[in-house]
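Number of protein chains: 6
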Amino acid sequence: MKKIITLGEILLRLSTEVGKRLSQADQLALNYGGAETNVSVSLANFGYDVYFVSKVPDNPLGLAAERHLKMNGVRTEFLLKGGERLGTYYVESGVGARSAQVTYDRKHSSFTQIICEEIQFDNIFQDADLFHVTGITPALSPSLVELTLIALQKAKEKGVITSFDFNYRSKLWSHQEAAETIKRFLPYVDICFCGELDATYLLGIDKASESMENTDRLMFYYETIRKKYPNIQFFASTFRDVLSASTNTLQGNLFVDGALYQSKIYQIDHIVDRVGGGDAFVAGMLYGILELTSLKEAVTFATAASVLKHTVLGDCNTFSPEEIKTYANQVPGKIVR
Amino acid sequence: MKKIITLGEILLRLSTEVGKRLSQADQLALNYGGAETNVSVSLANFGYDVYFVSKVPDNPLGLAAERHLKMNGVRTEFLLKGGERLGTYYVESGVGARSAQVTYDRKHSSFTQIICEEIQFDNIFQDADLFHVTGITPALSPSLVELTLIALQKAKEKGVITSFDFNYRSKLWSHQEAAETIKRFLPYVDICFCGELDATYLLGIDKASESMENTDRLMFYYETIRKKYPNIQFFASTFRDVLSASTNTLQGNLFVDGALYQSKIYQIDHIVDRVGGGDAFVAGMLYGILELTSLKEAVTFATAASVLKHTVLGDCNTFSPEEIKTYANQVPGKIVR
Amino acid sequence: MKKIITLGEILLRLSTEVGKRLSQADQLALNYGGAETNVSVSLANFGYDVYFVSKVPDNPLGLAAERHLKMNGVRTEFLLKGGERLGTYYVESGVGARSAQVTYDRKHSSFTQIICEEIQFDNIFQDADLFHVTGITPALSPSLVELTLIALQKAKEKGVITSFDFNYRSKLWSHQEAAETIKRFLPYVDICFCGELDATYLLGIDKASESMENTDRLMFYYETIRKKYPNIQFFASTFRDVLSASTNTLQGNLFVDGALYQSKIYQIDHIVDRVGGGDAFVAGMLYGILELTSLKEAVTFATAASVLKHTVLGDCNTFSPEEIKTYANQVPGKIVR
Amino acid sequence: MKKIITLGEILLRLSTEVGKRLSQADQLALNYGGAETNVSVSLANFGYDVYFVSKVPDNPLGLAAERHLKMNGVRTEFLLKGGERLGTYYVESGVGARSAQVTYDRKHSSFTQIICEEIQFDNIFQDADLFHVTGITPALSPSLVELTLIALQKAKEKGVITSFDFNYRSKLWSHQEAAETIKRFLPYVDICFCGELDATYLLGIDKASESMENTDRLMFYYETIRKKYPNIQFFASTFRDVLSASTNTLQGNLFVDGALYQSKIYQIDHIVDRVGGGDAFVAGMLYGILELTSLKEAVTFATAASVLKHTVLGDCNTFSPEEIKTYANQVPGKIVR
Amino acid sequence: MKKIITLGEILLRLSTEVGKRLSQADQLALNYGGAETNVSVSLANFGYDVYFVSKVPDNPLGLAAERHLKMNGVRTEFLLKGGERLGTYYVESGVGARSAQVTYDRKHSSFTQIICEEIQFDNIFQDADLFHVTGITPALSPSLVELTLIALQKAKEKGVITSFDFNYRSKLWSHQEAAETIKRFLPYVDICFCGELDATYLLGIDKASESMENTDRLMFYYETIRKKYPNIQFFASTFRDVLSASTNTLQGNLFVDGALYQSKIYQIDHIVDRVGGGDAFVAGMLYGILELTSLKEAVTFATAASVLKHTVLGDCNTFSPEEIKTYANQVPGKIVR
Amino acid sequence: MKKIITLGEILLRLSTEVGKRLSQADQLALNYGGAETNVSVSLANFGYDVYFVSKVPDNPLGLAAERHLKMNGVRTEFLLKGGERLGTYYVESGVGARSAQVTYDRKHSSFTQIICEEIQFDNIFQDADLFHVTGITPALSPSLVELTLIALQKAKEKGVITSFDFNYRSKLWSHQEAAETIKRFLPYVDICFCGELDATYLLGIDKASESMENTDRLMFYYETIRKKYPNIQFFASTFRDVLSASTNTLQGNLFVDGALYQSKIYQIDHIVDRVGGGDAFVAGMLYGILELTSLKEAVTFATAASVLKHTVLGDCNTFSPEEIKTYANQVPGKIVR
């Protein structure tokens, strides 16, 4: 069983039921999320030994977060207890014409108050196979920029594969802050999740001509990045077309050695909960890269994983590899009896 | 802040959850509705000082109705307490092939027992800017016919803009009764919500040729009415195409000075609750007429307001003008983080 | 009021709410199902005097099952009490990309432990008009094979119309077991529900050429079966196209005297619960055959009944004949006020 | 199986959950009640063939009421469909210091609009063993006074045992109206449920001295009534001491041939729902009189039935005679495994 | 209608359902609380024109808080929008042996970030009759100490009656901090809510002999305080005996002009929700002082208000003066029909 | 961290909500239970490394059971997957006069189908400190008798402390079967949970005189058993007095070296869920024996743990040692803020 390390924040998620606005709700469903949390849960459900490095307050909410991780098989040996509060966000589910609305209340969280000395990466990375982190983590505080950088460097030292998802959030930092920071990370990254907006806004690549096909533009960006950071072996992203809050299309992209592998375009109708869909793609792609025999299979697996995530409430993807493969290869919708 | 007056009934609404029939339900969701109530709530959410003139029983249900209005910012200084009961209706939500089914239990309500002497219109209309009422109110009792007429006349005397929505309901009165009554009102109306069926069945206008476009037929009807009631400055209505209980299209129409302004045709998919959609349009149009700089903008705003209403449970539209404008101008469905 | 007899198992059904997986659920909705149960409930809602022959344990769950039948107007005079347990199944509702998943826990049920001596068919079939059973019943135990055969024979002796639905379930028996058993039943059947897979896998008819139209292939199978079992007067089935777990199309087929009658193709969007959809079709067809004046009407009624079933939670169809006819003849989706 | 007839109203009951006030609720639990309905359900659960004579509207709520009766085994052959509405009441559950609060909305119901010609008592009372009605039924309308009187007279003609529960409700009629009416009924009554307040306020018996024991006072009243109405064979009532909305004591009384039989005093703690407790006592007493071998047993059974009713939500008592006897004879509270 | 001003924080309250621990919950009930909020809601329900001075974030949670106030009739003209977040607390309801557990997450809230310049007390106190604030407000930040002091001084200048509730919370500040601060406030206070612990720990009064009765000790403390702060006219507090989380006793005390007025000792059994019980007492006492003709009546009213609060979920007391008086004078627990 | 091994069945538990009977429920709460499961969860919450040896089916219910264990920190390395079904039981919660009612549906479960060869005790007991099993496990099948015996013997061989709880269930086996089996186990037991009924009915000890005190009788039984099985070092049990389903008293007993240690008598009022209360006592006692410095402390801890369990829904006790100690030493019921 491969050992995987993630570094990130686990957030309390409180959601309204479908058709209710947050300002009218008198019941909220309680879940847990956060980009790296979601990836960790997916990977643990895929059978990996996943260790989540983070910090939660030493109160019932911190305990609940820990229980959530354990229930999903994520190892919590490196989950620190202490600090001020658990980051929280509120989700007003979107439907049809109405977009989902996320209200963040995540400042001053225990995770943002983590200090580098609390984390023993030598120990953590011992015998590890893969390390994953996203751009959300360094966006949370200056000390988390340093912690992320140290983690990536240590991982590379220890021979651990590194995975980085840009996951740019404009509410957390500016384009400029993100650009400067991420550029310090990229030399230590093996697998990189980014798209056109990341390439142009953060990495400063000139926008490719609108007359080019999506696919060609994406290849152009990846080629350009690869020239600068030849250490990056895998680039991945999705094309998502938002027809309404309930209907999207999704296509996965994986770029390796100058070649682009794509899944078919999935129609995702009757979206139950879109939050966490991108993280399910990331986890699926890491599984695909680590386990599957072809790159085409990997991108198909990752995209199918993401599509299935849209059918369950909560950020977390709990589908097994078998369920995802079955879906990827099959006509959907039949009752399984 | 403009002062708006509405006159109408507030009804208790009890709804089954999706997928349950009323005869099988053992839980009902409790909301409040009624055409003028819904318009009042929308307008209060738009920031107006809305006074709802009505009567509810002096019992916990009457109190609950009052709390509902207050929560939404509607002023209840002119809400009388007394009489027999609160009008009630039961909604079995429709979905896909199955239409929503409304079971009324609204007879003998406190509102229908209101007497003209209870209402001091001189006081109520003092400094008011707009008065809105619908054809449902006079349909409830003969004394409400008189009350509605007095209200419209008083409003005109006081220089208040008047708005009337035909809202014909065959369960409440016959075509003939409605026709006779409404014709007494129209000379006092500035803004009129009616459509083809109203024009032909109630106002006795000959049906326009089926070979004409929808739009041309509607203009023909409005022109004809305007000749008879030149006082009416604004005519408005929607074209709704019911593909299933879960999927409709909607287009708004606004006719002023011989010109028809139309919104684009919205596809409303994944309808959560359609009841109150028409009232959201009315409120949106009143806002558009009072506030917006172009008639095109007004009809777009009204239609977008109605579309958004379809995404929330309950009769009431609680979207702010900003949210409606954002939706009207934007690709739907993106998560707002 | 015609008297109808059914023989089968009533199962406890425990379902997750939409968007929740069974492994994550902490609430389950409790309903009752089973092929013959569902048909019985539909037929009782259509106004027939339906007697359900079965056995449930003498405990609160058995009592609850009995209450469910009574509430729906099904007569329980021939419902035995005793045996070990109530067969149970768990439903994880499908949505969009994710198929519904049924987990059975039905072995060792009281019904499978029924012994032939417990059932007095002479008494039961007295003055009966129709008897319905499905292939699930004999699949449950060897003694139920005999009981089903005796029932069909007794029914024919007593001049009762017999109806048999293949309803093949691979988890319950093999193709070979099913084939051998069903062939013993068919000489006693008047109305037969089966499709292409039944014809080829169970009755050993050579697969018709793929180049033929669906419809022609179906007619070919029915003709072939009819040659062997000329006693069968009615053949019925549906064509279902599964676009996603939330969107299907459905078309009903009825084959009589060499002619095929078909409903239009219904688009079923926003499926709430598909389980029991086939049973609703069967019950609708039996009603159509017994009551309606044309075979075209019969197949339309049956298919409309099935479509409406998809809009309610639970296996059971509680729509009245009037509601089904209204739907069959009408544009769907309008609010009925 | 004995045949029992009841005449009364079935009411829709909508209740808040514990700890919520009606003016704050946004979910209501849906049940059915009404004095004679509750007695009917209890008696059907005891195994009798109970026919409920009433009228409900021909709409989904009327259908739901009918389903409720059927589920509980009550026969609905004499349940008429038609009229204006289903009587409704709202229950705000009491707890501790806060009393339960019932808000009625029952005027103009279909049942109050029943006309004598609609009911064929000759047919209904054929082979019947017992007829039960309460003082609520005649309180609802003048025509129901006549109907109740006719029913009691017809029952006596046909040799049916008659049972009458005073059930005086001051919101429905005055003391004087009730007194005049009930005095017309009593000559036809065999089993009479009444207490001290009924004796003094309605039957005009002088209040017994406060210095007498409860029990002696009650015997004095019963003796006095029996002198005037020697036809009454059984008098029954309860002593209830309300310590709080959650804690009561209850003792049953049965007076026959000059002797008073009493149950022990039950402490009812942790009351879940008190509404319907009196009706459970009535039904238990009727069972006791019809089935049990001693009058002491009868009053114990009736009181135990009432106590158990307080532990379930909704008006209806669904305990079997075995469960009630077990409780009556046993220490409460042990887990039954 | 008297005008009342309150200054304090409105908090989001998220509660588990009874019998569930916070670490296990997957649904939370959403309410609003905070000491001054609760007092405001009670007073508005008593019919006063209550203005709540506070600050909430400009997001859906701030809007929801505002809607909560409005629904309860509290005026929000002086509710500022802005700042970082809404203070939040989580309640794990206690029952029997298990105490309720409150987890606070209230730091960095918009209210704590309020600056004195944002509040125009001259305007706010215009024509006001009473001002109420508690010790929680100054405990939240240094600038709130100043704001509270200014408010009390301004109120006195304007001739407004002032009310102060010590409400000491050890999690917010130390004894010493509280003592120093509160001593600056007391010279401006007319009505003071405090008890033995406040007197000894915060005001440094020597503990009275344990051999004295509760009541005598309390009088001793009040006398001592009054000597130092002769401006304080009213002292009030409760004696609460906690038998279990579900059973308490409560007695109210009011000390005026050297005399102590006490309510009877109420047994509060079957406690539904104790949070907010103290605030209900405060509001009841303010009503009693402003409206009632005797001090004995005032303390009885206040205590009865507090007892009733324990029977409803959520912090807020929505009982009307009539309901409270009825309860105070009556045997509890009878169904009100 | 000590290593603890348990052997037993994990059962699916489906419960009605309070006040609803199973035959009326349409929602069931889903939990997991089973004597050894409950003990395992408690011990894991106390911080031990607990390994649960069992077998669950390889389906979503088996997966859910595994997730439940993991969430609570129980190790599932020795949880086998396979076999027919998950044992299930239904709980109708008791309240006041109505006892809780458990309906078992646990036959033919995967655990009962376990074969000895599947379990590698040598590996399992490696470095283990304690092994716990109850009389329910051997009652389920003959092979489980052998498995239990082997486990006890192996544990003793490996120097592991053994704990055995009689937990006699008459629905699973006869007194005679239990007696014969348990006598084979006792020579290998160190810690024994049994009471008076076990001693007299199963171990054949003559009933002590009724005139003796409870406590003396218990000591007499324990002395008698100890003479026969001098290996047993600890005897423990509780005295429970069932006043109603909502109110019990509980006192813990621990007998060591001829001396009896007792907790105080706890009044447990407002019982939320009693199922699992005994298992919480067992786990508490094991913790007390392993960790605490005095036997008095141990029995107090165990009893307090059991009392707290009665305040939460579900079989499992999730209180930490700190929470239990706080409760054991404190007045209950104060809000912890």
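Chains as they are written, first to last, in the UniProt record's numbering: chain A, 1 to 337; chain B, 1 to 337; chain C, 1 to 337; chain D, 1 to 337; chain E, 1 to 337; chain F, 1 to 337. Built from N, CA and C at the ideal position, the CB exists for glycine as well. If you're wondering where the values come from, they're calculated on a predicted model, not measured in any experiment.
When only Cα atoms are considered, P138 of chain E and L86 of chain D end up about 56 Å apart. Sequence-distant Cβ neighbours of M285 of chain D in its own chain, meaning closer than 6 Å and more than five residues away, are A236, A302.
For V53 of chain D, the enclosing beta strand (DSSP E) stretches over residues 49-56. Cβ contact annotation for V282 of chain B (same chain, cutoff 6 Å, sequence separation greater than five): V39, D165, F193, in chain order. Taking a C-beta distance under 8 Å as the contact criterion, I124 of chain D and V56 of chain D do not qualify as a contact pair. Taking V145 of chain C as the centre and dropping the five residues before and after it, the same chain places the C-beta of P138, T181 closer than 6 Å to its C-beta, in chain order. At a cut-off of 8 Å between C-beta atoms, T318 of chain C counts as an interface residue with respect to chain B. Distance from the Cα of T16 of chain C is smallest, within the candidate group C:Q262, C:N45, C:H175, C:Y89, for C:Y89.
The C-beta distance from G96 of chain C to I271 of chain A rounds to 7 Å, short enough to meet the 8 Å contact threshold. Contact of G73 of chain C with chain D is assigned, a C-beta pair being separated by under 8 Å. Looking at the DSSP output, C316 of chain A shares a beta bridge with no other residue. Y51 of chain D and G288 of chain C have their C-alpha atoms roughly 32 Å apart.
Not a single C-beta of chain E is nearer than 8 Å to the C-beta of Q126 of chain D.
Non-local C-beta neighbours of F255 of chain D in its own chain, meaning closer than 6 Å and more than five positions away in sequence, comprise Y222, F235, ordered along the chain.
If you check the CB distance, F111 of chain F and I5 of chain F do not come in under 8 Å.
One thing to note: K171 of chain D has its Cβ no nearer than 8 Å to the Cβ of K70 of chain C. The residues I136, A139, in chain order, have a CB closer than 7 Å to that of R169 of chain D in the same chain once the five nearest residues on each side in sequence are set aside. Distances from the alpha-carbon of Y188 of chain E to those of E:S263, E:G159, E:W173, E:L80 put E:G159 closest. The Cβ atoms of V133 of chain C and G277 of chain C do not sit closer than 8 Å to each other.
Within the DSSP secondary-structure output, Q251 of chain D pairs in a beta bridge with D:F239.
Sorting C:D257, C:D198, C:P60, C:T318 by C-alpha distance to the C-alpha of K20 of chain B places C:T318 at the top. Annotation for K3 of chain A: the continuous beta strand (DSSP E) segment containing it runs 3-7. Annotated three-state conformation of L260 of chain E is strand, per DSSP. For V102 of chain F, the secondary structure class from DSSP, reduced to helix, strand or coil, is strand. In this chain, the alpha helix (DSSP H) harbouring Y222 of chain F covers 214-228.
Around the beta carbon of E66 of chain F, a 10 Å sphere encloses 16 or more other beta carbons of the protein chains shown; the residue is thus reported as buried.
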